[in-house]
Amino acid sequence: MAKELKDLTKRSENYSQWYNDLVIKADLAEQSAVRGCMVIKPYGYAIWEKMQRQLDDMFKETGHVNAYFPLLIPKSFLSREAEHVEGFAKECAVVTHHRLKNGPDGKGVVVDPEARLEEELIIRPTSETIIWNTYRNWINSYRDLPILINQWANVMRWEMRTRLFLRTAEFLWQEGHTAHATKAEAEEEAVRMLNVYAEFAEKYMAMPVVKGIKSENERFAGALETYTIEAMMQDGKALQSGTSHFLGQNFAKAFDVQFVNKENKLEYVWATSWGVSTRLMGALIMTHSDDNGLVLPPSLAPVQVVIVPVYKNGEQLAQINGKVAGIVSRLKALGVSVNYDNADNKRPGFKFADYELKGVPVRLVMGGRDLENNTMEVMRRDTLQKETVSCDGIEACVQRLLEEIQQNIYRKALDLRNSRTMTVDSYDEFKEKIEEGGFILAHWDGTAGTEEKIKEETKATIRCIPLEGDRTPGVCMVTGKPSAQRVIFARSY
Numbered sequence: 000m001a002k003e004l005k006d007l008t009k010r011s012e013n014y015s016q017w018y019n020d021l022v023i024k025a026d027l028a029e030q031s032a033v034r035g036c037m038v039i040k041p042y043g044y045a046i047w048e049k050m051q052r053q054l055d056d057m058f059k060e061t062g063h064v065n066a067y068f069p070l071l072i073p074k075s076f077l078s079r080e081a082e083h084v085e086g087f088a089k090e091c092a093v094v095t096h097h098r099l100k101n102g103p104d105g106k107g108v109v110v111d112p113e114a115r116l117e118e119e120l121i122i123r124p125t126s127e128t129i130i131w132n133t134y135r136n137w138i139n140s141y142r143d144l145p146i147l148i149n150q151w152a153n154v155m156r157w158e159m160r161t162r163l164f165l166r167t168a169e170f171l172w173q174e175g176h177t178a179h180a181t182k183a184e185a186e187e188e189a190v191r192m193l194n195v196y197a198e199f200a201e202k203y204m205a206m207p208v209v210k211g212i213k214s215e216n217e218r219f220a221g222a223l224e225t226y227t228i229e230a231m232m233q234d235g236k237a238l239q240s241g242t243s244h245f246l247g248q249n250f251a252k253a254f255d256v257q258f259v260n261k262e263n264k265l266e267y268v269w270a271t272s273w274g275v276s277t278r279l280m281g282a283l284i285m286t287h288s289d290d291n292g293l294v295l296p297p298s299l300a301p302v303q304v305v306i307v308p309v310y311k312n313g314e315q316l317a318q319i320n321g322k323v324a325g326i327v328s329r330l331k332a333l334g335v336s337v338n339y340d341n342a343d344n345k346r347p348g349f350k351f352a353d354y355e356l357k358g359v360p361v362r363l364v365m366g367g368r369d370l371e372n373n374t375m376e377v378m379r380r381d382t383l384q385k386e387t388v389s390c391d392g393i394e395a396c397v398q399r400l401l402e403e404i405q406q407n408i409y410r411k412a413l414d415l416r417n418s419r420t421m422t423v424d425s426y427d428e429f430k431e432k433i434e435e436g437g438f439i440l441a442h443w444d445g446t447a448g449t450e451e452k453i454k455e456e457t458k459a460t461i462r463c464i465p466l467e468g469d470r471t472p473g474v475c476m477v478t479g480k481p482s483a484q485r486v487i488f489a490r491s492y
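Take numbering that gives the first Met the number 0: the final residue in the sequence shown is number 492, and no numbers are missing along the way.
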């Protein structure tokens, strides 16, 4: 059974299949009866809860509060902001009727044709329209600003090609929607939230990211500027891991949200929106995990330490139970999440493989000889290295290991990204290097036409225009026209 648990496709053989296998075998999620939608299983949801809790704390530290807005949006709302509706029109699920009735053959229910809605309702693909229609009732004066609201919710975007966590028709996310009196305040907010996302990704997910601005082609529908954090997965592909949008006054004008400013003049409100989703679960898996299963950063692992007893009989187990009880109490007092698995329905070998598969950062084992010697075997998940440690120093050892693992997996991911980031000057070299995967820094002339040509010919997109690093001007690798700075190209999820 232990062998079956670890029977994953190897990353080197088929990275995509490895990912799919791991999500299923580690009990994170599975396909549902609804095409394109997933069931997030308890272990997967426990990781998402830790992400959610940490992000929520960070949002509140920056002055944001949570609220909730309707799932259903009148179709007419989506018509008010032209770019917005164009960006989401092909992904919308539409509610047309409000009632079912028994079928005439008595074998089931049918849609009641007399229950057609006067106006169709859209299951939210994102909430800008319903929220700005609401803000119109809340904002009259500059004294009502800023409004700093976040919503934890689900959204629906009708995806044809889905993959668990990375791209599903329904997914969980948070969406911040803020209203400001000035352009400068709104722009500052958009950058602030980008930095919050970057800090969360690097400090808690142990995932290095590049902060940048999206090209006009890749910008959020209805935004004047989209900021992004981009991460590199182990196969060299990019994953957009969070975005923050400066919306200007577009939505305020679409929904007539005006306020009286300090000069007693009427002005349209300035806006931002920003969000991350359960796509971060996919990022976490693909950034750190290996051929043995998940590798989780300790800060987000539902269980940081598992303790497994190895015993010959009930008497020996009782002695180990007594010894381990004190260790568990002391670790919990330090804020460490611990699971003591002394269940007798699975053999130790099965448990070892299962917890390795699920990415528990630290495993402690106590057997009969350990009991006699007052020791435990300690294994760290990131390197699979083992050592024997005195029970008297076990708390200090665990704390040290949790910190080391968090730092080590970040360094490993950063080293990979650095080793697969290339600077290219010619289009021929670009076409050769993009086949190898990774981030390519190259000059681009800033036009949508050149961007489309590159995408069509190489399947690579501009991931972002970096906010940091070398900003030396040059010439476009395709057209030879002037380029303000190098941008990051990659193939992506």
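Note that the Cβ used here is the ideal one computed from N, Cα and C, for glycine as well.
Check Leu574 in the structure and name its three-state DSSP category. Past the edges of the chain, shown from 0 to 492, lies residue 574, and the structure says nothing about it.
For Glu229, which of Leu466, Met476, Arg470 and Pro481 has the nearest alpha-carbon? Leu466
Along the chain, where does the alpha helix (DSSP H) that runs through Phe438 open and close? Phe438 -> not in any alpha helix (DSSP H); beta strand (DSSP E) instead, spanning Phe438 to His442.
Once the 5 residues before and after Asp20 are set aside, which same chain residues still bring their CB inside 7 angstroms of it? The residues are Leu7 and Thr8.
Quick check: the Cα distance between Glu215 and Gly247, rounded to an integer number of angstroms? Our two residues, Glu215 and Gly247, have alpha carbons roughly 15 angstroms apart in a direct line.
Own chain partners of Lys202 with C-beta closer than 8 angstroms, once the 5 adjacent residues on each side are dropped: Ser298
Element boundaries [beta strand (DSSP E), containing Ile464]: Start and end: Thr460 to Pro465.
Nearest-angstrom Cα distance between Tyr310 and Met365? 8 angstroms
Touch check for the region 366–379 and the region 39–48: three-plus C-beta pairs under 8 angstroms? no
Using DSSP with H/G/I as helix, E/B as strand and the rest coil, what is Trp496? Here the chain comprises residues numbered 0 to 492, so residue 496 is not present and cannot be evaluated.
C-alpha gap between Ala183 and Thr177, whole angstroms: 13 angstroms
Once you ignore the five residues that flank Met0 on each side, which residues in its own chain have a CB closer than 7 angstroms to its CB? Confidence in Met0 is poor, its pLDDT being 44 and thus under 50, which makes the residue's placement too unreliable to answer from.
May I ask you to list the residues that DSSP assigns as paired with Pro73? Leu120
Nearest neighbour of Trp172, chosen from Ile23, Asn65 and Glu450 [CA to CA]: Asn65
Does the region 473–484 touch the region 418–427, meaning 3 or more C-beta pairs lie closer than 8 angstroms? yes
In whole angstroms, what is the alpha-carbon distance linking Pro481 and Leu71? 47 angstroms
Cβ neighbours of Ser389 in the same chain (closer than 7 angstroms, five flanking residues each side left out): Contacts found: Asn373 and Thr374.
Between the C-alpha atoms of Tyr497 and Ala205, what's the straight-line distance to the nearest angstrom? Here the chain has residues from 0 to 492 only, and residue 497 is not among them.
Counting C-beta neighbours from all protein chains within 10 Å, is the total for Arg416 16 or more, i.e. buried, or is it exposed? buried
Let me confirm a value: Gln233 is counted as buried when at least 16 other C-beta atoms fall within 10 Å, else exposed. Which label applies? Answer is buried; the Cβ neighbour count reaches 16.
C-alpha distance - Ile148 paired with Pro103, whole-angstrom precision: 48 angstroms
From which residue to which residue does the alpha helix (DSSP H) around Lys454 run? Ala447 to Thr457
Count the CB pairs spanning the region 339–356 and the region 306–323 that are closer than 8 angstroms, and state whether there are at least three. yes
For Gly281 and Pro112, I'd like the C-alpha separation in whole angstroms. 42 angstroms
Give me the Cβ distance between Tyr196 and Ser243, rounded to the nearest whole Å; I'm assuming they're in contact under 8 angstroms. 7 angstroms
Measuring only the C-alpha atoms, how far is Thr128 from Leu144? Linking Thr128 to Leu144 through their CA atoms gives a straight-line distance of about 19 angstroms.
CA-CA distance, Ile404 and Ser288? 13 angstroms
Looking at the strands, I want to know which residues DSSP matches up with Ala92. Ile122
Hey, out of Tyr267, Arg115 and Lys213, whose CA is closest to Thr225's CA? Comparing Cα-Cα distances from Thr225 to each of Tyr267, Arg115 and Lys213, the minimum goes to Lys213.
In three-state DSSP terms, what is Gly473? strand
Find out if the Cβ-Cβ distance for the pair Ile122, Pro73 is shorter than 9 angstroms. no
For Ser514, tell me which candidate among Val154, Leu440, Gln318 and Phe351 has the shortest Cα-Cα distance. Only positions 0 to 492 of the chain appear in this structure, which leaves residue 514 out of reach.
Check Met0 in the structure and name its three-state DSSP category. Reliability of the predicted coordinates at Met0 is poor, the pLDDT of 44 falling under 50, and the value obtained from them is presented with this limitation in mind. Residue state, collapsed to three classes: coil.
Given a cut-off of 9 angstroms, decide if Cys463 and Thr227 are closer than it, judged by their beta-carbon atoms. yes
Buried versus exposed call for Val33 [16 or more other C-beta atoms within 10 Å across all chains shown]: Exposed, because fewer than 16 other Cβ atoms sit within 10 Å of the Cβ of Val33.
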